[in-house]
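Numbering (the numbering used here), first residue to last: 6 to 583.
Glycine included, C-beta positions come from ideal geometry on N, C-alpha and C.
Okay, so here's the structure we're looking at.
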């Protein structure tokens, strides 16, 4: 595929002489990557503060991540082709401008619905912006500099993975200019404006001379299938899983089947399919889709529930929650570096990464059980380092190995499909694992109250509370804990909690203040244990998903082609909802 620059030399000439402003242009491309990475990471830290301010349900927290990644997945299907048709520079600038506007809309959102809608805008324009960078880098740099240019993606993503959660936590807690959580989005405005202006000035113009036609119907079918799948998984729990949620999931399967049929038909009739049908006849590529979908689902769900557990379960501030995730990010960077040194082992590195990540996840579970609700970040750090190390080992070679199993003319379609599946997996992770986590909270808190009931009665008896009143308090505390943890509206006070308060005020005792303190402490401890139990169960699901990833990885090619390794270093390695 060739490019013709507007008023400039053709791609062949550029390959020999190199684009004059290529390193400045690379910084512009990296700025776009940083905006995407930060916005993917910050909402997991800020979501409790957002919910406390704007209201909303547990599904609101899930949609903050799932809405962005779902829109990104849908947009990525056509984002690269738009650059071929209308020029990569133009599409990058439009994408960066739209992403910046979406960030502004997030920052001024007055309701959960408005914020989620603005996140969708960010995801769609991010999908227009991000694919253009890879094509421009291939065009701007001579072969001898290509590896260096692509190699910068890894460090940038690594630093963003460390800095993103910490920055988000600091911005939320600092409450700059009274903006609170809104600053995590408003901070994109200067970076976005700089990317737009620098993009206009320094990015090379040009478009593909062999651009294929845009498959709008295919994009609509793929997007509809993804939306039909994700929406009921997020909303079903709060709505009591009505029949239409299962009908939507069945409809998603049917729409994806129709999409596959339409793509094959379009190719037979001489059209340009959105996804090359022959890819699905290649074992390595289909295995890569399974690995990508399952792994990135588990990874995103892990990140989301870990952040919620830190803040809602352990009572950490947003900044402390962000700092507590640094060991995970450090492990991930170490995994990336280690994978480069072990690249000669090919697919075995992916298997090793899966095992190490599973071991780290089990380590997190063990730490939760041993340390309990008094757990400190230092106690959890070794397990998080191991988890991150496994992630890095798996992600670093993944794209290069999968792409090595397709023909050269299929590479563009394969890369776009893999990246879209990665984002869809992230969306499903927020939907499925978030639903499991929130669904278990109520029963977990109730079980914790039952377990602590003998101790509660002993403490109440010490201040002369009658046995019958002890039973009333324990029963009311159980109902209140369950209802508060299961409540759709975090700000509303369940009726059972109002009854508990009334019961505590009216019982006779030698020290009424001590009764209130005892019940308050018991309720707080039960909530902590409930969150811990829900987190533990969710992590075991993640371990199961890693087991499936391990098995599916046997379908992958043994190793990447040498020419693919540099170009895939760091690209698409970190999902948008980490």
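Per DSSP, the unbroken alpha helix (DSSP H) holding residue 96 starts and ends at 93-112. CA-CA distance, residue 251 to residue 227, rounds to 19 Å. Residue 238 holds the alpha-carbon nearest to the alpha-carbon of residue 302 among 156, 238, 91. A buried status is given to residue 435, since no fewer than 16 other beta-carbon atoms sit within 10 Å of its beta-carbon. Just measuring C-alpha positions, the residue of 381, 265, 147, 29 sitting nearest residue 315 is 381. Taking a C-beta distance under 8 Å as the contact criterion, residue 530 and residue 445 do not qualify as a contact pair. Contact check for residue 37 and residue 135: beta-carbon distance about 6 Å, within the 8 Å limit, so the pair qualifies. Using a 10 angstroms sphere on the CB of residue 105, the tally of other CB atoms reaches 16 or more, which defines it as buried.
Closest in alpha carbon position to residue 119, among 59, 132, 156, is 59. DSSP places residue 450 within a helical segment (H, G or I) once states are collapsed to three.
Within the same chain, 223, 278, 279, 280, 282 come within 7 Å of residue 268 by CB-CB distance, once the 5 residues on both sides are set aside. In the DSSP assignment, residue 295 falls within the alpha helix (DSSP H) that extends over 288-313. Under the DSSP assignment, residue 483 falls in the alpha helix (DSSP H) whose first and last residues are 472-491. Taking the Cα positions, residue 273 is about 25 Å away from residue 293.
When the five nearest sequence neighbours on each side are left out, the beta carbons in the same chain lying within less than 7 Å of the beta carbon of residue 432 are those of 71, 74, 75, 78, 235, in order along the chain. For residue 126 against residue 80, the beta-carbon gap comes to about 10 Å, at or over 8 Å, which does not count as contact. Between the segment 499-519 and the segment 541-549, the count of C-beta pairs closer than 8 Å stays below three; the two stretches do not touch. In this structure, the CA atom of residue 129 is about 20 Å from the CA atom of residue 261. Per DSSP, residue 182 lies in no alpha helix (DSSP H) and is assigned neither H nor E. Approximately 3 Å separates the beta-carbon atoms of residue 395 and residue 361; this is inside 8 Å, confirming the contact. Here residue 395 carries a helix assignment [DSSP, helix/strand/coil]. Rounded to whole angstroms, the separation of the alpha carbons of residue 296 and residue 188 is 35 Å. With fewer than three CB-CB distances shorter than 8 Å, the segment 87-95 does not count as touching the segment 437-454. A residue is called buried once 16 or more other Cβ atoms fall within 10 Å of its Cβ, and residue 563, having fewer, is exposed. Taking every protein chain shown into account, the CB of residue 170 has 16 or more other CB atoms within 10 angstroms, so this residue is buried. When the five nearest sequence neighbours on each side are left out, the beta carbons in the same chain lying within less than 6 Å of the beta carbon of residue 397 are those of 337, 340, 341, in order along the chain.
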